[in-house]
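>
Residue numbers (full-length UniProt numbering): 1 to 204.
(1) Would you list, in sequence order, the uninterrupted beta strand (DSSP E) runs of no fewer than 3 residues that lie entirely inside the segment 75 to 125?
(2) Can you check whether the C-beta of residue 143 is within less than 7 Å of a C-beta belonging to chain D?
(3) Taking DSSP as the reference, what is the three-state secondary structure of residue 162?
(4) So, at 8 Å on beta carbons, what are the nonlocal neighbours of residue 11 in its own chain, with the 5 sequence-adjacent residues on each side left out?
(5) According to the neighbour-count rule (16 or more other Cβ atoms, all chains shown, within 10 Å of its Cβ), is residue 96 buried or exposed?
(6) To which residues does DSSP link residue 140 through a beta bridge?
(7) Note the first and the last residue of the continuous alpha helix (DSSP H) segment covering residue 169.
(8) May I ask you to report which of helix, strand or coil DSSP gives residue 192?
(9) Alpha carbons only, please: which of 199, 200, 39, 158 is nearest the one belonging to residue 138?
(10) Can you have a look at residue 153 and say buried or exposed, based on whether 16 or more other CB atoms are within 10 angstroms of its CB?
(11) Expressed to the nearest angstrom, what Euclidean distance is found between the alpha-carbon atoms of residue 31 and residue 129?
(12) Since residue 15 is in the alpha helix (DSSP H), which residue starts that stretch and which ends it?
(13) Just curious, the beta strand (DSSP E) that residue 26 is in, first and last residue?
(14) Per DSSP, what kind of secondary structure is residue 148 in: helix, strand or coil?
(15) Just to confirm before moving on: does the CB-CB distance between residue 25 and residue 201 stay below 7 Å?
(16) Using C-beta distances below 8 Å, list every residue in its chain close to residue 1, excluding the 5 sequence neighbours before and after it, in chain order.
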């Protein structure tokens, strides 16, 4: 099931077309459900707890023999591994730095996979959202970064992130596209009609 319905996707496409009609920049929007499945992290927590807890409980007095201790560790590992697969609980086990690191890596891969580094004049701009991580990033090619400082994008990202956290991802996308267009029109006004990259939302 799509995170954004077809009507909302059409609004995004129209917003991109409006901005690209007034600037030489090439905008691409990407929406990911999540940047990673993080299966290894619940297993890591289950392994760690299963290794330490039975031994700590059994330290003094020792009421389990070595065979029983090993069985209890295995049972606890299996139980915790299954419990930690619950999405709401799994998400709480993942450090914020890990979530953002994975989302940031995915954003950079998408910049390359969507060919934003091959545009004429190096004017590609990626607006990336990973919804599970509540992560937003704007990546621009050298033709844009030479004219517009990073601080401009950071302010837009902050506002967009708040919309994603509130569940207004589609509205946030449109507002973000329009906010990017304000400075893009001023610094990189359209000099010719072109459309090198798709205008539709890419959903991963």
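Where a beta carbon is used, it is the ideal one built from N, C-alpha and C, also for glycine.
The model shown is predicted, which means the values in this text are computed figures rather than measured ones.
Walking through what the data contain:
(1) none
(2) Absent from the structure is chain D; it holds one protein chain and no more.
(3) helix
(4) 170, 174
(5) exposed
(6) 125
(7) 169 to 187
(8) coil
(9) 158
(10) buried
(11) 5 Å
(12) 6 to 20
(13) 26 to 32
(14) coil
(15) no
(16) At residue 1 the pLDDT is 38, less than 50, meaning the model places this residue with poor confidence; the figure from the coordinates comes in the next sentence. Nothing listed; no residue qualifies.
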